[in-house]
Amino acid sequence: MLDEKLEPIYADVLRRNAGEEEFHQAVHEVLDSLGAVIAKHPHYAENALIERICEPERQIIFRVPWVDDRGQVQINRGFRVQFNSALGPYKGGLRFHPSVLLGTIKFLGFEQTFKNALTGMPIGGGKGGSDFDPKGRSDAEIMRFCQSFMTELGRHLGEYTDVPAGDIGVGGREIGYMFGQYKRMTNRYESGVLTGKGLTWGGSRVRTEATGYGAVYFVERMLRRRSTQFDGKKVIVSGAGNVAIYTIEKVQKLGGRVIACSDSNGYVVEESGIDLALLKEIKERKRGRVSDYAMARKGATYVPNGRIWDVPADVAMPSATQNELTGADAKTLVRNGVLAVGEGANMPCTPEAVRTFIDANVLFGPGKATNAGGVATSALEMQQNASRDSWSFETTEEKLRTIMHSIHDNCAQTADEYGSPGNYVLGANVTGFIRVAEAMQAMGVV
Ligand code: NDP
Ligand code: 2IT
11 MLDEKLEPIY ADVLRRNAGE EEFHQAVHEV LDSLGAVIAK HPHYAENALI ERICEPERQI
71 IFRVPWVDDR GQVQINRGFR VQFNSALGPY KGGLRFHPSV LLGTIKFLGF EQTFKNALTG
131 MPIGGGKGGS DFDPKGRSDA EIMRFCQSFM TELGRHLGEY TDVPAGDIGV GGREIGYMFG
191 QYKRMTNRYE SGVLTGKGLT WGGSRVRTEA TGYGAVYFVE RMLRRRSTQF DGKKVIVSGA
251 GNVAIYTIEK VQKLGGRVIA CSDSNGYVVE ESGIDLALLK EIKERKRGRV SDYAMARKGA
311 TYVPNGRIWD VPADVAMPSA TQNELTGADA KTLVRNGVLA VGEGANMPCT PEAVRTFIDA
371 NVLFGPGKAT NAGGVATSAL EMQQNASRDS WSFETTEEKL RTIMHSIHDN CAQTADEYGS
431 PGNYVLGANV TGFIRVAEAM QAMGVV
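The sequence shown finishes on residue 456 if you use our numbering, and the numbering steps up by one all the way, no holes.
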């Protein structure tokens with residue numbers, strides 16, 4: 011039940027954003043945490059501040075025409091939701107996936123606003139993408155799509171305005187094609203307009219690894235509260251993309267055993283531990299499938315269309331997509347004795363799943379805190395670009411580690427302050443909200 015002051019705000023969000031269920035879900039989760047804040051500090055409910063936070067500053071929708079390898083004209087839809095610029099230029103990734111709708115980008119932009127605030131860096135919140143499906147497309151098709159997408163998006167960007175990066179379906183290759191097109195359109199080498207760039211042309215070390223590494227640092231810090239660590243733990247990581255791969259890498263470095271990962275077709279289990287070099291070879295270089303990995307490994311079992319959450323583990327790191335872990339999956343994990351769950355993806359656990367974990371006293375790291383290492387390192391990339399500098403791997407990773415620990419500690423402290431010790435969902439929502447709210451109040455009605 012939402013606070014009685016928040017109920018009409020949520021009803022309005024439902025009415026004005028009809029059918030955008032993922033956006034409703036993300037807003038509800040934050041509002042659910044804000045009852046405690048406005049009870050303590052009623053001024054945050056004044057001047058329609060919360061209503062303004064739920065309304066994106068700008069929503070851009072555009073046609074993306076391009077020509078495929080057979081000479082056929084294809085049409086996709088492009089989006090950029092510039093959600094909130096109270097703390098800095100809009101910042102957030104671009105997602106290319108056939109499931110993308112305006113409501114998807116809105117939920118992601120809303121989450122991003124609080125996540126970015128949590129990092130403590132000067133970045134506002136935004137998100138974008140397209141319903142373009144990169145699967146099975148040639149390099150040349152990807153390039154033509156990215157060029158057409160940037161031709162329209164570019165006019166809305168700028169290092170002081172809006173700075174995109176990658177997300178599902180957008181990695182170094184796509185950022186390269188988009189940066190090239192932006193440079194050509196503007197006749198400016200504006201490094202700070204995109205992050206996730208290649209290391210030889212303005213990218214930051216550790217950005218590729220940052221989301222996965224950061225998520226592991228966050229969970230490591232949670233585990234420490236129970237006087238334990240990754241060493242010797244059995245871990246399952248869903249997905250097999252950027253976030254999943256570097257989550258696996260860091261867990262393995264810390265002595266954990268990752269026994270399962272997945273893609274949208276199925277999951278693989280290997281009790282002796284996933285061979286990361288082979289997984290990288292298949293996913294990063296060959297753009298193959300998890301089933302190809304299973305085929306290449308004697309000890310691995312491939313389960314098509316199964317639930318990866320059925321595999322018993324100490325730690326679960328959902329790192330694929332939203333709502334991939336349901337209430338029923340959470341019950342299975344709890345029954346199998348899961349100790350900690352860290353959201354590498356954005357909103358991968360349904361509200362029922364989150365409730366199940368919190369009720370069962372499972373350490374639960376919400377995405378906007380746990381996966382903030384990616385965007386934090388993007389902000390480090392912006393810092394390096396602004397100073398025309400380039401830091402070593404060690405320096406950059408140390409900064410990432412410090413940021414993740416401070417996000418963890420701030421969330422834990424806020425949860426204590428608001429009477430819900432150990433509730434990182436409340437801690438993250440309230441900490442992020444207060445930072446955005448303070449800046450918005452200082453700037454007046456804008
Ligand atoms: P990638 O495109 O590199 O990998 C995505 C992985 O998730 C793939 O294994 C993909 O499988 C799987 N997946 C994607 N969509 C679905 C779906 N609808 N159903 C089932 N599986 C799916 O993306 P990332 O690793 O970058 O992103 C993963 C998650 O992490 C997303 O939620 C993203 O928003 C979040 N995130 C990413 C950050 C980053 O820096 N990249 C930062 C913070 C959060 P398949 O190949 O079959 O599609
Ligand atoms: O969800 C996310 O935080 C990202 N996809 C990364 C955003 C960024 O700007 O680095």
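From the three backbone atoms N, C-alpha and C, an ideal C-beta is built for every residue, glycine too.
Three-state secondary structure (DSSP) of residue 327:
Position 317 of the sequence shown holds residue 327. Correct three-state label for residue 327: strand.
Whole-Å CB distance - residue 92 paired with residue 66, under 8 Å assumed:
The sequence position of residue 92 within the sequence shown is 82, counting from 1. The sequence position of residue 66 within the sequence shown is 56, counting from 1. Their Cβ separation, rounded to whole angstroms, is 7 Å, which keeps residue 92 and residue 66 in contact under 8 Å.
Enumerate in chain order the residues of its own chain whose CB-to-CB distance from residue 339 is below 7 Å, with the five nearest sequence positions on each side excluded.
Position 329 of the sequence shown, counting from 1, holds the residue named residue 339. Answer for residue 339: 317, 319, 363, listed in chain order.
**Prompt:** From 131, 130, 132, 105, pick the residue whose C-alpha is nearest to that of residue 119; which is it?
**Reply:** Sequence index remark: in the sequence shown, residue 119 carries index 109 (1-based). Taking only the C-alpha atoms, the option nearest residue 119 is 105.
Residue environment, residue 11, which counts as buried when at least 16 other CB atoms sit within 10 Å = Numbered from 1 along the sequence shown, position 1 holds the residue referred to as residue 11. Burial state of residue 11 is exposed, judged by a 10 Å Cβ sphere holding fewer than 16 other Cβ atoms.
Report task. Mind reading off the beta-carbon distance from residue 328 to residue 355? Whole number of angstroms is fine, and I expect it under 8 Å. Result -> Against the sequence shown, residue 328 aligns to sequence position 318. Against the sequence shown, residue 355 aligns to sequence position 345. Contact flag correct, Cβ pair sits at about 6 Å.
Open item on the list: Using DSSP's beta-bridge definition, name the partner residues of residue 272.
Closed with: As a working note, residue 272 is residue 262 in the sequence shown. Beta-bridge analysis with DSSP links residue 272 to 277.
**Study point:** Among 303, 309, 302, nearest to residue 280 - alpha-carbon criterion
**Key:** Here residue 280 refers to the residue found at position 270 when the sequence shown is read from its first residue. Relative to residue 280, the option among 303, 309, 302 whose CA is nearest is 309.
| field | Burial state of residue 174, where buried means 16 or more other Cβ atoms lie within 10 Å | value | Here residue 174 refers to the residue found at position 164 of the sequence shown. It counts as buried.
request  = Please state whether DSSP places residue 311 in a helix, a strand or coil.
outcome  = By one-based count along the sequence shown, residue 311 stands at place 301. When DSSP states are grouped into helix, strand and coil, residue 311 belongs to the strand group.
Quiz prompt | Same chain, Cβ closer than 8 Å to residue 264, neighbours up to 5 away in sequence not counted | solution = To locate residue 264, count along the sequence shown from 1; it is residue 254. If you ignore the 5 residues before and after residue 264, its C-beta comes within less than 8 Å of the C-beta of 226, 230, 239, 240, 241, all in its own chain and listed in chain order.
message = I want to check one thing, is the minimum distance from the CB of residue 385 to the heavy atoms of the ligand 2IT below 7 Å?
response = Counting from one through the sequence shown, the residue named residue 385 turns up at place 375. Checking every heavy atom of the ligand 2IT against the Cβ of residue 385, one is found closer than 7 Å.
Return the bridge partner residues of residue 72 from the DSSP annotation.
Here residue 72 is taken as the residue at index 62 of the sequence shown, counted from 1. In DSSP, residue 72 forms a bridge with 88.
- From the DSSP output, read off the bridge partner residues of residue 425. If you number the sequence shown from 1, residue 425 lands on position 415. Note: residue 425 sits in no beta bridge, so no partner.
Kindly list the residues whose CB is nearer than 6 Å to the CB of residue 215, restricted to its own chain and excluding five residues on each side of it in sequence; keep chain order. What you label residue 215 is simply residue 205 of the sequence shown in a count that begins at 1. Correct list, in chain order: 403, 406.
Can you determine whether any heavy atom of the ligand 2IT sits closer than 7 Å to the C-beta of residue 304, and answer yes or no?
Locating residue 304 in the sequence shown gives position 294, where the first residue counts as 1. False, no ligand heavy atom lies under 7 Å from that Cβ.
- Task: Measure the CB-CB distance between residue 383 and residue 414 and report whether it falls below 8 Å.
- Result: On the sequence shown, residue 383 is found 373 positions in, with the first residue counted as 1. On the sequence shown, residue 414 is found 404 positions in, with the first residue counted as 1. Closer than 8 Å, so yes.
- Would you say the beta carbon of residue 334 comes nearer than 7 Å to a heavy atom of the ligand NDP? In the sequence shown, residue 334 corresponds to position 324, counting from 1. In this structure, the C-beta of residue 334 approaches the ligand NDP to less than 7 Å from one of its heavy atoms.
query: Among 133, 127, 196, which one has its Cα closest to the Cα of residue 160?
result: Locating residue 160 in the sequence shown gives position 150, where the first residue counts as 1. Comparing C-alpha distances from residue 160 to each of 133, 127, 196 shows the shortest one belongs to 196.
**Asked** Got a sec: does the ligand NDP put a non-hydrogen atom nearer than 7 Å to the Cβ of residue 249?
**Response** Counting from 1 along the sequence shown, the entry for residue 249 is found at position 239. Yes, the ligand NDP has a heavy atom inside 7 Å of this Cβ.
Q | Simplified DSSP state of residue 168, which is helix, strand or coil | A | Here residue 168 is taken as the residue at index 158 of the sequence shown, counted from 1. Correct three-state label for residue 168: strand.
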